[in-house]
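Beneath this line is the structure, given in structure tokens, with notes to follow.
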Amino acid sequence: MPVTKERFRQEYITKLELMYGDDAGHTSSLEKYNALVSLVRDYLAQQWKKTRAHYRRTGTKQVYYFSIEFLLGRLLGANLFNLGLTEICREALAELNIDLHELEKIEEDPGLGNGGLGRLAACYLDSMAAKNLPGHGMGIRYRYGLFEQRIIDGYQREFTDDWLMDGFYWDIRKPAEAVEVRFGGRVRIKSNGKTQYIHENYETVLAVPYDVPVAGYRNGLVNTLRLWSAEAKLSDIACHSDESKDCQKAVEFNHAVEEISNILYPDDTTYEGKVLRLKQQYFLVSAGLQSILRNYKEQNGHLKELPQKIAIHINDTHPVLTIPELMRILIDEEKLEWDEAWKITVETISYTNHTILPEALEKWPVDLFKQVLPRIYMIVEEINEGFCRSLWERYPGEWDRISAMAVISYGQVHMAHLAIAGSHSVNGVAALHTEILKHKVMRLFYEFSPEKFNNKTNGVTQRRWLAQCNPPVAALITDTIGAEWIESPQHLIKLKQYVEDSGFQQYLSRAKLQNKVMLAKYIKGKYDISLDINSIFDAHIKRIHAYKRQTLNILHIMDLYNRLKDNPLLDITPRTFIFGGKAASNYHIAKATIKLINSLAQTVNNDKSIHDKIKIIFMENYNVSLAELIIPASDVSEQIPTASYEASGTGNMKFMMNGAVTIGTLDGANIEIKNAVGEENIIVFGLTADEVLQYYRYGGYNPWDVYNSDQRVRTVVEQLINGFLPAGKEVFRDHYDSLLHQGDHFFVLKDFASYVQAQNILEERFRNKARWLKMCACNIAHSGAFSSDRTFSEYAAEIWGVRPQRLGNGNGNRSTGPVN
Ligand SMILES: *Cc1c(COP(=O)(O)O)cnc(C)c1O
125 MPVTKERFRQ
135 EYITKLELMY
145 GDDAGHTSSL
155 EKYNALVSLV
165 RDYLAQQWKK
175 TRAHYRRTGT
185 KQVYYFSIEF
195 LLGRLLGANL
205 FNLGLTEICR
215 EALAELNIDL
225 HELEKIEEDP
235 GLGNGGLGRL
245 AACYLDSMAA
255 KNLPGHGMGI
265 RYRYGLFEQR
275 IIDGYQREFT
285 DDWLMDGFYW
295 DIRKPAEAVE
305 VRFGGRVRIK
315 SNGKTQYIHE
325 NYETVLAVPY
335 DVPVAGYRNG
345 LVNTLRLWSA
355 EAKLSDIACH
365 SDESKDCQKA
375 VEFNHAVEEI
385 SNILYPDDTT
395 YEGKVLRLKQ
405 QYFLVSAGLQ
415 SILRNYKEQN
425 GHLKELPQKI
435 AIHINDTHPV
445 LTIPELMRIL
455 IDEEKLEWDE
465 AWKITVETIS
475 YTNHTILPEA
485 LEKWPVDLFK
495 QVLPRIYMIV
505 EEINEGFCRS
515 LWERYPGEWD
525 RISAMAVISY
535 GQVHMAHLAI
545 AGSHSVNGVA
555 ALHTEILKHK
565 VMRLFYEFSP
575 EKFNNKTNGV
585 TQRRWLAQCN
595 PPVAALITDT
605 IGAEWIESPQ
615 HLIKLKQYVE
625 DSGFQQYLSR
635 AKLQNKVMLA
645 KYIKGKYDIS
655 LDINSIFDAH
665 IKRIHAYKRQ
675 TLNILHIMDL
685 YNRLKDNPLL
695 DITPRTFIFG
705 GKAASNYHIA
715 KATIKLINSL
725 AQTVNNDKSI
735 HDKIKIIFME
745 NYNVSLAELI
755 IPASDVSEQI
765 PTASYEASGT
775 GNMKFMMNGA
785 VTIGTLDGAN
795 IEIKNAVGEE
805 NIIVFGLTAD
815 EVLQYYRYGG
825 YNPWDVYNSD
835 QRVRTVVEQL
845 INGFLPAGKE
855 VFRDHYDSLL
865 HQGDHFFVLK
875 DFASYVQAQN
885 ILEERFRNKA
895 RWLKMCACNI
905 AHSGAFSSDR
915 TFSEYAAEIW
925 GVRPQRLGNG
935 NGNRSTGPVN
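Listed below in structure tokens is the structure:
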């Protein structure tokens, strides 16, 4: 029976009153929100049940996407949207004098991720469900998120991200499906005929799953994101005597266990922190695999067929212990021989590399590893021996090559090497990134097994990142070309024929302006800064990192400000520079960058002499919800990393999809965006990746040359330390030194002139309204290629070998067949 407005209202009232034992008029907003979530979850549950039954009945191959982060964003709007109930719900609530939008805002962003890698995992879940694919997530249910960022006196301050404080009504605790994960202890080898490995004296942690439904777009399919929580076993924490000392110990033990799923990315600068991170990774992997295999064995025959039934994908190296853990289960528990177990493991597992930053390529000290995971370490050693043997056969006598590729070398376990050795597919996340992997960072591995390497350029879901977050533009698109783009983003290309249509352009301009008004209102309310909505909204939102070069943006703004001060009559289009992003809590210079942005904002925003021609806003606590507000309102997308550093980027894709024009370097997916939209619809500048890598290799760049030859550079760099900024002269000394005395590793000064020129071109383009709107429209029209529906269909066909499923029709609000 389809859900009508009438039925929705009835069921909602009943739900609200039953949950809180009072009449609806006496419930709080939070209670109204909770009841709505509970009702929507009921609708999802019906489809969930059907989907699970379908999977069991057909025994179709399942994909499990293991990721240390899932940056989901709010779920209420997304679930209503995917169920096709947004309008029904809005109207039903309106009849009760409840504003859906207000309830949506009550939801905390789940603290389960940090940046692009986590958001990618979330986009893939959405796309897999939308494309009728049996794909599930496996993650950790962190009690606290990374941190909540607040800006105090211009500095980032970190507060506990207590996202679960008011409860989380989307997941379902499944204590009956808990599994045990073992740490520490030692391994006894028993040898009577067949060698057996007996793991003893270990500590047991209970892994309890919480399942979050992941709905497809109006297709009746609901997949599962399974999040694991660490708990102590009841028998381990019970007080056995009356002595309070014992009880005290039990409580302490309980805390130590729960710490495993307490927080995302515990500080790993200490030994204890490192141990905790390794424990976390193994916890996810072991719990996830045990539950997958338990389910598999209930339904299928021999484990030999595992790769035909199950695909496991690891999102970066954090879950790479799936490889030795699967080996452990197959050998120690299922009694398979090594070679057979290895074949199954490699065929089951595939790996995505996300970065070439050396500090992000994970390594663990052997001693620590051995102590925390003694049996897993033995298996890794054996994997290493086998791998080195095969290298030796291929490259006899080439010791240097072999030790550079070994899984264990110089007292460390190299997680990326383990990932490549133990999986059948290794992919990069944009064309350039994959080339750099193949020919530079992972060159030796590529030479050894070229068939494993492939590219899967990232994507973002157009449902969240256009249809939901940008209603005015989404409505315009649907009015113009129909609604197919919501499930098949390649249809967006049909907009091409309207990009010069003045009627269309006017509507687009109006829609963008509506978004700008919304953002301006939010900023006025929160920061008491008034924005000119006709100014260029120029956004640089992403984690704060030296390679992402927020500093380059800042130096350009300083130069622009200097020009205005020199010539108050200078005719520039007013600009609003919007920043947002967190700096890792131990990353000092990135934290100083936040202070730099805020100090410059203080100077510029309060300088009456420039007549509000520049405004700078740092928006605190950047997260998915904030991105959903900023991106639709932006005219310009800042994607300016040092070329070769940004593996792909996904922020760049969200912006183009919303009609912002990119100013960017030729890095990551920016290159593919340029190829898609054409040179005339993007503004590129700066060194290429090849040039950057050449400089690293052969030298030849001296920032002092730029400093000495470019007066503008000299001025802005000196302004960092000469008291120009209201922050004390030493606050930005590290920036100054890194630019001049430490070689300007990220080529900020080198790219300065070219960036300023690009900004001037951009401004010129903006003045020609029709030209600018055409650029915006072309960006939207070509964004279908950057949908995660496309990306992940490639994963499904080329890596996992899974097929779209045919299920009943969702809510009955629309009838569609399966999507192919
Ligand atoms: C998309 C997104 C990112 C990734 O942005 P990049 O610009 O690709 O670094 C990070 N955080 C949030 C909240 C996002 O939505």
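The sequence shown runs 125 to 944 under the numbering used here.
Cβ atoms here follow ideal geometry from the backbone N, Cα and C, with glycine treated the same way.
Three-state secondary structure (DSSP) of residue i
| i | result |
| --- | --- |
| Thr700 | strand |
| Ala331 | strand |
| Leu351 | strand |
| Ser573 | coil |
| Gly941 | Low per-residue confidence applies at Gly941: pLDDT is 34, beneath 50, and the placement is therefore not dependable, though the value from the model is reported in the following sentence. Three-state DSSP puts Gly941 in coil, outside helix and strand. |
| Glu754 | Sequence check: residue 754 is Ile here, not Glu. Here Ile754 sits in helix by DSSP. |
| Phe194 | coil |
| Asn794 | helix |
| Met566 | coil |
| Lys403 | helix |
| Val164 | helix |
| Pro76 | Absent from the structure is residue 76, since the part of the chain shown begins at 125 and ends at 944. |
| Asn892 | coil |
| Ala707 | coil |
| Gln134 | helix |
| Gln186 | strand |
| His478 | coil |
| Gly788 | strand |
| Gln929 | coil |
| Gly259 | strand |
| His557 | helix |
Inter-residue CB distance, residue i and residue j (contact presumed, cutoff 8 Å)
| i | j | result |
| --- | --- | --- |
| Glu918 | Lys580 | 5 Å |
| Thr786 | Pro765 | Between Pro765 and Thr786 the Cβ distance is about 12 Å, and since that is not below 8 Å, they are no contact. |
| Met451 | Ala465 | 5 Å |
| Thr328 | Arg306 | 6 Å |
| Phe647 | Ile741 | Looking at the sequence shown, residue 647 is not Phe but Ile. Contact flag correct, Cβ pair sits at about 6 Å. |
| Pro443 | Ile500 | Actually they do not touch by this definition, with Cβ atoms about 13 Å apart. |
| Val303 | Gln414 | 4 Å |
| Lys946 | Tyr746 | Only positions 125 to 944 of the chain appear in this structure, which leaves residue 946 out of reach. |
| Ile713 | Ser862 | 7 Å |
Nearest candidate by alpha-carbon position, reference residue i, set the options
| i | options | result |
| --- | --- | --- |
| Asp295 | Val336, Leu402 and Leu270 | Val336 |
| Gly823 | Gly867, Val855 and Gly783 | Gly867 |
| Arg297 | Tyr819, Leu568, Tyr334 and Gly308 | Tyr334 |
| Lys428 | Gln835, Glu471, Ile755 and Asp456 | Glu471 |
| Ala543 | Tyr341, His478 and Thr210 | His478 |
| Glu804 | Val760, Trp828 and Asn903 | Asn903 |
| Met743 | Tyr820, Ala663 and Val553 | Ala663 |
| Tyr685 | Ile660, Asp736 and Asn206 | Asp736 |
| Glu232 | Phe205, Asp285, Met529 and Ile740 | Asp285 |
| Gly308 | Leu400, Ala300 and Asn343 | Leu400 |
| Leu249 | Tyr268, Ala218 and Ala202 | Ala202 |
| Ala793 | Ala554, Ser315 and Phe190 | Ala554 |
| Ile660 | Ile754, Ser862 and Gly425 | Ile754 |
| Gln320 | Asp456, Tyr189 and Asn419 | Asp456 |
Residues sharing a beta bridge with residue i, DSSP
| i | result |
| --- | --- |
| Arg274 | Arg281 |
| Phe205 | Per DSSP, none; premise fails for Phe205. |
| Ala663 | Ile702 and Ser761 |
| Ala435 | Val187 |
| Phe307 | Glu327 |
| Ile738 | Arg699 |
| Tyr268 | Ile387 |
Closer than 8 Å: residue i CB and nearest ligand 2 heavy atom
| i | result |
| --- | --- |
| Gln763 | Only ligand 1 can be found as ligands here, which leaves ligand 2 out of the picture. |
Original post:
Just checking, does the region 692-708 make contact with the region 882-892 on the three C-beta pairs under 8 Å criterion?
Top reply: yes
**OP:** Decide if the region 262-276 is in contact with the region 345-353; the criterion is three or more beta carbon pairs, one per stretch, under 8 Å apart.
**Re:** yes
Original post:
Within the chosen definition, does the region 902-912 reach the region 601-613 through at least 3 CB pairs nearer than 8 Å?
Top reply: Segments in contact, yes.
Original post:
So, do the region 282-298 and the region 153-171 have three or more beta carbon pairs nearer to each other than 8 Å?
Top reply: yes
**OP:** Could you tell me whether the region 137-144 touches the region 271-278, using the rule of 3 or more Cβ pairs below 8 Å?
**Re:** no
**OP:** May I ask you to verify whether the region 398-408 touches the region 516-529, counting CB pairs closer than 8 Å and requiring at least 3?
**Re:** no
Original post:
How do the region 631-649 and the region 664-683 stand: do at least 3 beta-carbon pairs fall below 8 Å, yes or no?
Top reply: no
**OP:** Determine contact between the region 812-822 and the region 625-632, defined as no fewer than three beta-carbon pairs at a distance below 8 Å.
**Re:** They do not touch, by the three-pair rule.
**OP:** Kindly confirm or deny that the region 920-933 and the region 179-187 touch, where touching means at least three C-beta pairs closer than 8 Å.
**Re:** Touching, yes, given that three or more Cβ pairs across the two stretches are closer than 8 Å.
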